[in-house]
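Per this note's numbering, the sequence shown starts with residue 79, numbered consecutively. Glycine included, C-beta positions come from ideal geometry on N, C-alpha and C. Since the model is a prediction, treat every value here as computed from it, not as a measurement.
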Amino acid sequence: MEETAKIWMNGRLVDWADATVHVGAHGLHYGTGVFEGIRAYETERGTAVFRLTEHLERLHNSARLIYMDLPYSVEELKSATWELIGANELPSCYLRPIAFSGYGQLGVATRDNPVDVAIMAWPWGAYLGEEGLRNGIRVKVSSWQRVGPNVIPHVAKATGVYLNSMLAVGEANRAGYDEAILLTAEGTVADGSGESIFIVRDGVIYTPDLSASILVGITRDTVIQIAQDLGHRVVEKPLIRTDLYLADEVFMVGTAAEVTPIREVDDHPTPPGPVTYEIQQAYLDTVHGRSDRWGQWLEYAPAARAQA
Ligand code: PPE
79 MEETAKIWMN GRLVDWADAT VHVGAHGLHY GTGVFEGIRA YETERGTAVF
129 RLTEHLERLH NSARLIYMDL PYSVEELKSA TWELIGANEL PSCYLRPIAF
179 SGYGQLGVAT RDNPVDVAIM AWPWGAYLGE EGLRNGIRVK VSSWQRVGPN
229 VIPHVAKATG VYLNSMLAVG EANRAGYDEA ILLTAEGTVA DGSGESIFIV
279 RDGVIYTPDL SASILVGITR DTVIQIAQDL GHRVVEKPLI RTDLYLADEV
329 FMVGTAAEVT PIREVDDHPT PPGPVTYEIQ QAYLDTVHGR SDRWGQWLEY
379 APAARAQA
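Okay, structure coming up:
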């Protein structure tokens, strides 16, 4: 990863190299943490963070679901984010807030461990490669099931949950694919290792509904609204793996992945098509501030906002 100057840690900016954690930290041993992935984009009106408030609200919800008290409010984390972006002088970047059970007691039960909170910011290009963004990627349905609602609250973007994603994407990569799609225990389509899934069939857009052990994706919500505003019908319902194979188009969305076409699922060709590219264009125009139609989702630095 590309190092930047500062990291915000427990209320202050520290040098990148000094943002370290003790090996006895609870979160390292048991995955007791929550995090976010957010993108800031360079726009004509200055740096804009896409749906910053919703991401920080989700961080708070994730913490509640693992019984963790976050010591900073959404407003405080927002200020910290802007302070960090300013200090690093980054026009566009990926932002990674993380809160975890820190150094104190060890043992599975969290006792009086402190909750450490940090935010990192660094440049992160196309998650699945520029070529993938343009021409699509090859995915494999994973042999690993997505964690279910009574296994770990999958609605929480919790660090421990990502062992599930790591195994799935690792398996896919070792078999020569770019990314994995995980199914639920019931066999319905859930998520990519780090993305939400959409298909297009006979002009209708489908995506798994929220009961399918998916992360409540902010890009998913964005894409549903954009697609509907563009006149598409969007249906949230359970999908099975053969729906992927027979789809006219398949694409995945996420903060990091943005809108990435999928050109093959388990070696079945699903060539990227017009609906995917139309939504990709609308999404990229929105996040880069080139289209005002969905401009309400861009949050500007307090100083830039004052001038606007
Ligand atoms: N599902 C999963 C499992 C997931 O991790 C993400 C985000 C999404 C869906 C899409 O959520 P949203 O960003 O709110 O639209 N994955 C993050 C990347 C994970 C990584 O560290 O790698 C992201 O996109 O930031």
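Counting pairs of beta carbons, one from the stretch 228–240 and one from the stretch 185–195, are three or more of them closer than 8 Å?
no
Could you pull out every residue in the same chain whose Cβ sits closer than 7 Å to the Cβ of E122, ignoring the five residues on either side in sequence?
Here residue 122 refers to the residue found at position 44 when the sequence shown is read from its first residue. So the list reads G367, once near-sequence residues are dropped.
Considering only residues of the same chain and omitting the five flanking positions on each side of I215, which have a CB-CB separation below 7 Å?
Position 137 of the sequence shown, counting from 1, holds the residue named residue 215. Same-chain partners within the cutoff: L206, D256, E257, T338, I340 and R341.
Ignore the nearest five residues each way along the sequence and tell me which others in M79's own chain have a CB closer than 6 Å to its CB.
Sequence index remark: in the sequence shown, residue 79 carries index 1 (1-based). Excluding residues within five positions, the ones whose Cβ falls inside 6 Å are W200.
Rounded to a whole number of angstroms, what is the C-alpha to C-alpha distance between I357 and I277?
As a working note, residue 357 is residue 279 in the sequence shown. As a working note, residue 277 is residue 199 in the sequence shown. Whole-angstrom Cα-Cα distance: 12 Å.
By Cβ distance, which residues of its chain are closer than 7 Å to G332, with the 5 residues on each side in sequence left out?
Within the sequence shown, residue 332 is the residue found at index 254, counting from 1. Closer than 7 Å at the Cβ level, and outside the excluded window around G332, lie G272, E273, S274, G295 and T297.
Give a single yes or no on whether V273 has its beta carbon closer than 7 Å to a heavy atom of the ligand PPE.
Walking along the sequence shown from the start, residue 273 turns up at place 195. Note that residue 273 is Glu in the sequence shown, not Val. Flag set: Cβ of E273 near the ligand PPE.
Three or more C-beta pairs closer than 8 Å, one from the stretch 126–137 and one from the stretch 361–380: is that the case here?
yes
Which residues in the same chain have their Cβ closer than 8 Å to the Cβ of Q183, if we skip the five residues on either side of it in sequence?
Numbered from 1 along the sequence shown, position 105 holds the residue referred to as residue 183. Counting only Cβ-Cβ distances below 8 Å, and skipping sequence neighbours, we find H104, R189, D190 and N191.
Looking at C-alpha atoms only, which residue of T300, G248, V313 and G102 is the closest neighbour of H133?
Sequence index remark: in the sequence shown, residue 133 carries index 55 (1-based). Nearest option by C-alpha distance: T300.
Please identify the residue among A335, K218 and A325 whose C-alpha is closest to the C-alpha of G351.
Numbered from its first residue, the sequence shown carries residue 351 at position 273. With distances taken between Cα atoms, G351 lies closest to A325.
Measuring from the CB of D269, is there a heavy atom of the ligand PPE at a distance below 7 Å?
Here residue 269 refers to the residue found at position 191 when the sequence shown is read from its first residue. The answer is yes for D269.
Quick check: does the Cβ of R298 come within less than 7 Å of any heavy atom belonging to the ligand PPE?
Translated into positions along the sequence shown, residue 298 becomes position 220. Yes, the Cβ of R298 comes within 7 Å of a heavy atom of the ligand PPE.
By Cβ distance, which residues of its chain are closer than 6 Å to H310, with the 5 residues on each side in sequence left out?
To locate residue 310, count along the sequence shown from 1; it is residue 232. Hits under 6 Å: I283.
Which residues bound the beta strand (DSSP E) around T285?
Here the question's residue 285 lines up with position 207 in the sequence shown. Looking at the DSSP string, the run of the beta strand (DSSP E) that includes T285 is V282 to T285.
Can you list, in chain order, the residues of its chain whose CB lies under 7 Å from that of T266, leaving out five sequence neighbours each side?
Position 188 of the sequence shown holds residue 266. Excluding residues within five positions, the ones whose Cβ falls inside 7 Å are P286, A290, P316, L317 and I318.
In the DSSP assignment, the alpha helix (DSSP H) including R252 goes from what residue to what residue?
Residue 252 sits at position 174 when you count from the first residue of the sequence shown. For R252, the enclosing alpha helix (DSSP H) starts and ends at Y240 to R252.
How should N29 be labelled, buried or exposed, when 16 other C-beta atoms within 10 angstroms of its C-beta is the threshold for buried?
Nothing about residue 29 can be read from this structure; the chain reaches only from 79 to 386.
DSSP state of A386, grouped into three classes?
Taking the first residue of the sequence shown as 1, we reach residue 386 at position 308. Note on A386: pLDDT 46, under 50, position unreliable in the model; no value is reported.
Using beta-carbon positions only, say whether A334 and Y119 come within less than 8 Å of one another.
Locating residue 334 in the sequence shown gives position 256, where the first residue counts as 1. Locating residue 119 in the sequence shown gives position 41, where the first residue counts as 1. No, they are not a contact pair.
Here's the rule: buried if 16 or more other CB atoms are within 10 angstroms of the residue's CB, otherwise exposed. What is W94?
On the sequence shown, position 16 is the one that residue 94 refers to. Exposed, by the Cβ-count rule.
Any heavy atom of the ligand PPE inside 7 Å of the beta-carbon of G124?
By one-based count along the sequence shown, residue 124 stands at place 46. The answer is no for G124.
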